[in-house]
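Residues 1 to 233 in this note's numbering are what the sequence shown spells out, letter by letter.
We treat Cβ as the ideally placed atom computed from N, Cα and C, and that holds for glycine.
Note that the structure is predicted; figures quoted are calculated from it, not measured.
Below is one structure; the comments refer to it alone.
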Amino acid sequence: MRKRTTRGPLPPGNSTGGTGARQRDPLPGTATNNGAAEWDEMYAGSEQVWSGQPNAVLVAEVAQLRPGRALDVGCGEGADAVWLAGQGWDVTALEVSQVALKRAERHAQDARAEVQWVHAGLVEAPLQAGAFDLVSAQYPALLRTPRNDAERLLLAAVAPGGVLLVVHHADVDVEQSNAHGFDPADYVSPSDVAALLGEDWQVHVNERRPRHVATGGGAHHTHDLVLRAERLR
Ligand SMILES: C[S@@+](CC[C@H](N)C(=O)[O-])C[C@H]1O[C@@H](n2cnc3c(N)ncnc32)[C@H](O)[C@@H]1O
């Protein structure tokens, strides 16, 4: 287990359970900027934000899959990417925050894991369509746009026969979020992605599921929204 967070702000979208106590500022990102500077600032505010453990839904949904090429969208400090690499996946991990990415690289070095790190937002990233057998987006902070750019890019990245896994917090308290300066409705949810799945896709999981994270800023989130879909062709 990696060292504990000593201090620091946690975004409302906290996933793997960092131990920082303080609630934080708006979830970064606007329609015209991918929020990289704000995410950098958030990560720079503490030595470690997330727990260093892979997300439970990722482990549960992916452990039985045959490893291939994986894309981790918004990889944060890299725990999921490192876990995937350890399972034999050929991992590309995408992240807007340079600060987070540097931490993720160190995590991978410590774990002797090989990961291709890409410093870019999803919309700006040079991704090849249909290149990944697994596309995982765990608690991603992807802005909704009128043309559903982020959702379409997630779908497009999956190879025929591949799996798309999108996870987010359920029951986000809108009033509390507004008080912290952001609106959860501005961000892509698993249901936004599910709404775009056509006949080329088979949905295996689309549910609200209990979540057990004992410590950290995300511990107050008790349920996840989980979408797992397979691209048939
Ligand atoms: C709530 S954190 C989740 C991090 C990680 N997936 C996890 O579960 O620990 C959201 C992450 O998405 C990154 N992010 C925000 N907007 C992004 C974008 N447009 N493209 C890629 N990553 C983005 C943030 O920097 C942050 O690290």
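### Query
Exposed or buried, which one is Pro160 when buried takes at least 16 other CB atoms within 10 Å?
Translated into positions along the sequence shown, residue 160 becomes position 160. With fewer than 16 Cβ atoms within 10 Å of its Cβ, Pro160 is classed as exposed.
### Query
Taking contact to mean at least 3 C-beta pairs separated by less than 8 Å, is the stretch 103-115 in contact with the stretch 86-94?
yes
### Task
Mind checking who Val226 pairs with in its DSSP beta bridge?
Taking the first residue of the sequence shown as position 1, residue 226 is located at position 226. Looking at the DSSP assignment, Val226 forms a beta bridge with Val167, Glu207.
### Message
Under DSSP, the beta strand (DSSP E) around Arg106 begins and ends at which residues?
### Response
Numbered from its first residue, the sequence shown carries residue 106 at position 106. Element bounds for Arg106: not the beta strand (DSSP E) but the alpha helix (DSSP H), 98-111.
### Task
Scan the stretch 116-196 and note each continuous alpha helix (DSSP H) run of 4 residues or more that stays entirely inside, going in chain order.
Listed in chain order, the complete alpha helix (DSSP H) runs (minimum 4 residues) inside the stretch 116-196 are 149-157, 174-179, 190-194.
### Message
In whole angstroms, give me the CA-to-CA distance for His223 and His168.
### Response
Taking the sequence shown and counting its residues from 1, one reaches residue 223 at position 223. Taking the sequence shown and counting its residues from 1, one reaches residue 168 at position 168. Straight-line Cα distance between these residues: approximately 9 Å.
### Message
Within 10 Å of its beta-carbon, does Ala137 have 16 or more other beta-carbons around it, so buried, or fewer, so exposed?
### Response
As a first step, residue 137 must be located in the sequence shown, where it is residue number 137. Of the residues assessed, Ala137 falls on the buried side of the cut-off, its CB having 16 or more other CB atoms within 10 angstroms.
#### Entry: Rounded separation between Pro140 and Ala125 - CA only
Position 140 of the sequence shown, counting from 1, holds the residue named residue 140. Position 125 of the sequence shown, counting from 1, holds the residue named residue 125. Going by the C-alpha atoms only, they are around 15 Å apart.
### Task
Would you check if the distance between the CB atom of Leu86 and the CB atom of Ala111 is smaller than 8 Å?
Within the sequence shown, the letter at position 86 stands for residue 86. Within the sequence shown, the letter at position 111 stands for residue 111. For the record, residue 86 in the displayed sequence is Gly; it is not Leu. Contact: yes.
### Query
What whole-angstrom Cβ distance do Arg233 and Asp186 have, given they're in contact under 8 Å?
Taking the sequence shown and counting its residues from 1, one reaches residue 233 at position 233. Taking the sequence shown and counting its residues from 1, one reaches residue 186 at position 186. Not confirmed; about 33 Å, so no contact.
### Query
Below 8 Å, can you find three or more Cβ-Cβ pairs linking the stretch 138-158 to the stretch 98-109?
no
### Message
Quick check: Thr134 and Leu101, are their CB atoms within less than 8 Å of each other?
### Response
Here residue 134 refers to the residue found at position 134 when the sequence shown is read from its first residue. Here residue 101 refers to the residue found at position 101 when the sequence shown is read from its first residue. The sequence given here places Leu at residue 134; Thr does not occur at that position. Taking 8 Å as the Cβ cut-off, Leu134 and Leu101 do not qualify as a contacting pair.
### Query
Beta carbon of Leu154, beta carbon of Val73: below 8 Å?
Here the question's residue 154 lines up with position 154 in the sequence shown. Here the question's residue 73 lines up with position 73 in the sequence shown. Contact flag set, yes.
### Query
If you run the structure through DSSP and keep just helix, strand and coil, what is Ala214?
For the purposes of this step, residue 214 is taken as the residue at position 214 of the sequence shown. DSSP places Ala214 in coil when its eight states are reduced to three.
### Query
Do Leu142 and Leu122 have their CB atoms nearer than 8 Å?
If you number the sequence shown from 1, residue 142 lands on position 142. If you number the sequence shown from 1, residue 122 lands on position 122. Taking 8 Å as the Cβ cut-off, Leu142 and Leu122 qualify as a contacting pair.
### Simplified DSSP assignment, three categories, for Glu95
For the purposes of this step, residue 95 is taken as residue 95 along the sequence shown, with counting starting at 1. Residue state, collapsed to three classes: strand.
### Message
What I want to know is whether the C-beta of Glu47 ends up closer than 7 Å to one or more non-hydrogen atoms of ligand 1.
### Response
Your numbering for residue 47 matches position 47 in the sequence shown. No, the beta carbon of Glu47 sits no closer than 7 Å to any heavy atom of ligand 1.
### Query
Taking Cys75 as the reference, which of Arg69, Arg103, Glu61, Val62 has the closest Cα?
Within the sequence shown, residue 75 is the residue found at index 75, counting from 1. The residue with the shortest Cα to Cα distance from Cys75 is Arg103.
### Message
When you measure from the CB of Ser97 to every non-hydrogen atom of ligand 1, does any distance come out below 7 Å?
### Response
Numbered from 1 along the sequence shown, position 97 holds the residue referred to as residue 97. Correct: Ser97 has its Cβ closer than 7 Å to ligand 1.
### Task
For Arg209, collect the residues of the same chain with a Cβ closer than 6 Å to its Cβ; drop the 5 residues on either side in sequence, then sort them by chain order.
By 1-based counting over the sequence shown, the position of residue 209 is 209. Once the five neighbours on either side are set aside, the close Cβ partners of Arg209 are Asp224, Val226.
### Query
Taking C-beta to C-beta, are Gly35 and Val96 nearer than 8 Å?
Your numbering for residue 35 matches position 35 in the sequence shown. Your numbering for residue 96 matches position 96 in the sequence shown. Contact: yes.
### Whole-angstrom distance between Pro190 and Arg144, CA atom to CA atom
Position 144 of the sequence shown, counting from 1, holds the residue named residue 144. Position 190 of the sequence shown, counting from 1, holds the residue named residue 190. Rounded to the nearest angstrom, the two C-alpha atoms are 12 Å apart.
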